[in-house]
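Participant:
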Amino acid sequence: MNPAPNLILVGPMGAGKTSIGRRLAERFGLEFTDVDQVVVERCGATINTIFEHVGEAGFREREKAALGQVLAETGKLVSTGGGAVLDRDNRLAMQRRGFVVYLRVGVDAQLKRLGRDRSRPLLQRGDREQVLHDLAATREPFYLEVADLMLDTDAMSPGAATTALAQLLAAQWQRSEQAA
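Position in the sequence shown (first residue = 1) + 24 = the working numbering.
#1: Using the DSSP secondary-structure output, state which residues sit across from K136 in a beta bridge.
#2: Between the beta-carbon of G92 and the beta-carbon of A185, is there less than 8 Å?
#3: Could you give the C-beta distance for E87 and A108, rounded to a whole number, given that I count them as a contact under 8 Å?
#4: Using 10 angstroms around the beta-carbon of R120, count the other beta-carbons present and answer buried if the total reaches 16, otherwise exposed.
#5: Can you confirm whether the stretch 44-53 touches the stretch 175-192 when touching is taken to mean that 3 or more C-beta pairs between the two stretches lie within less than 8 Å?
#6: On the three-state DSSP scale, how would you describe T57?
#7: Expressed to the nearest angstrom, what Euclidean distance is found between the alpha-carbon atoms of H77 and T70?
#8: Is DSSP giving S103 helix, strand or coil here?
#9: With a 10 Å radius around its C-beta and 16 neighbouring C-beta atoms as the bar for buried, classify D60 as buried or exposed.
#10: Verify whether the separation of the beta carbon atoms of L31 and L95 is less than 8 Å.
#11: Please return the same chain residues whose Cβ sits closer than 7 Å to the Cβ of C67, not counting the five positions on each side in sequence.
#12: Are the CB atoms of L33 and L127 nearer to each other than 8 Å?
#13: Given A171, which residues of its chain have a CB within under 6 Å of its CB, disregarding the five upstream and five downstream residues?
#14: Rounded to a whole number of angstroms, what is the C-alpha to C-alpha distance between R115 and A179?
#15: CA-CA distance, N26 and G53?
#16: Taking the alpha carbon of A194 as the reference point, which residue from M37, G35, L48 has its own alpha carbon closest?
#17: My parser needs the beta strand (DSSP E) runs of 3 or more residues fully inside the stretch 139-194; what are they?
#18: How is the alpha helix (DSSP H) around N30 delimited, first residue to last?
#19: Based on Cα-Cα distance, which residue from G35, F83, E97, N72 lies nearest to F56?
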């Protein structure tokens with residue numbers, strides 16, 4: 025057993041962090057928190073608008089602050105943004121304050137899942153497939169670095185992935201109430 029006060033989902037866009045996260049939170053009696061949504065609420069603007077006004081670097085600063093605030097609490101299931109792992113301090117905070125699950129997904133599945141999605145600023149840059157390959161090449165090592173557990177969600181529905189992950193977590197993770 026690997027005790028931790030929070031359960032944290034990392035992985036690329038389209039891996040199922042939000043849809044699986046909501047289901048898992050309910051199953052484990054945790055409060056679901058989407059870090060991107062925290063940033064949106066704090067800023068009073070969409071992620072696209074934040075990117076337009078302060079760029080990716082400005083968004084990442086806000087993301088880091090929101091993640092730090094969320095991880096200071098206990099009993100959370102935290103869905104991170106795909107790029108949250110890029111920051112070393114974020115990675116350390118995740119490892120210190122949670123049991124981290126990497127939801128892995130291939131580019132082909134991402135393209136299918138994100139086909140109609142126009143809300144993701146990083147996908148507005150030319151060839152979506154190439155962008156996803158480039159993001160995967162950059163971020164995969166960081167996902168692997170922080171992960172306590174990995175689940176490939178390529179061929180799974182959110183319900184099936186939730187069931188599979190819940191079984192793995194029951195054997196490998198124990199909720200602790202350690203303070204910040």
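All residues carry an ideal CB built from backbone N, CA and C; glycine is no exception.
Facilitator: With the given structure in hand:
#1: Taking the sequence shown and counting its residues from 1, the one referred to as residue 136 is at position 112. None; K136 has no bridge partner.
#2: As a working mapping, residue 92 is identified with position 68 in the sequence shown. As a working mapping, residue 185 is identified with position 161 in the sequence shown. Going by C-beta atoms, G92 is not nearer than 8 Å to A185.
#3: Along the sequence shown, read from residue 1 onward, the residue named residue 87 stands at position 63. Along the sequence shown, read from residue 1 onward, the residue named residue 108 stands at position 84. 6 Å between Cβ atoms; contact.
#4: Taking the sequence shown and counting its residues from 1, one reaches residue 120 at position 96. With fewer than 16 Cβ atoms within 10 Å of its Cβ, R120 is classed as exposed.
#5: yes
#6: As a working mapping, residue 57 is identified with position 33 in the sequence shown. DSSP, read as helix, strand or coil, puts T57 in strand.
#7: Translated into positions along the sequence shown, residue 77 becomes position 53. Translated into positions along the sequence shown, residue 70 becomes position 46. In a straight line, the C-alpha of H77 is about 11 Å away from that of T70.
#8: To locate residue 103, count along the sequence shown from 1; it is residue 79. Note: S103 maps to strand in three-state DSSP.
#9: Position 36 of the sequence shown, counting from 1, holds the residue named residue 60. Classification of D60: buried, given that the 10 Å Cβ count is 16 or more.
#10: By 1-based counting over the sequence shown, the position of residue 31 is 7. By 1-based counting over the sequence shown, the position of residue 95 is 71. Taking 8 Å as the Cβ cut-off, L31 and L95 do not qualify as a contacting pair.
#11: Numbered from its first residue, the sequence shown carries residue 67 at position 43. For C67, where only same-chain residues beyond five positions count, the Cβ hits under 7 Å are I74, R86.
#12: The residue you call residue 33 lines up with position 9 of the sequence shown. The residue you call residue 127 lines up with position 103 of the sequence shown. Against a cut-off of 8 Å, the Cβ pair of L127 and L33 comes out as a contact.
#13: In the sequence shown, the residue the question calls residue 171 occupies position 147. Correct list, in chain order: V124, Y126.
#14: Along the sequence shown, read from residue 1 onward, the residue named residue 115 stands at position 91. Along the sequence shown, read from residue 1 onward, the residue named residue 179 stands at position 155. One C-alpha to the other measures close to 27 Å.
#15: The residue you call residue 26 lines up with position 2 of the sequence shown. The residue you call residue 53 lines up with position 29 of the sequence shown. Taking the straight line from one Cα to the other gives about 18 Å.
#16: Against the sequence shown, residue 194 aligns to sequence position 170. Ranking the options by Cα distance to A194, first place goes to L48.
#17: As far as the stretch 139-194 is concerned, its whole beta strand (DSSP E) runs of at least 3 residues are 173-176.
#18: The residue you call residue 30 lines up with position 6 of the sequence shown. No alpha helix (DSSP H) contains N30, which DSSP labels as neither H nor E.
#19: Position 32 of the sequence shown, counted from the start, is the residue given in the question as residue 56. Residue nearest to F56 within the set G35, F83, E97, N72 is E97 (criterion: CA-CA distance).
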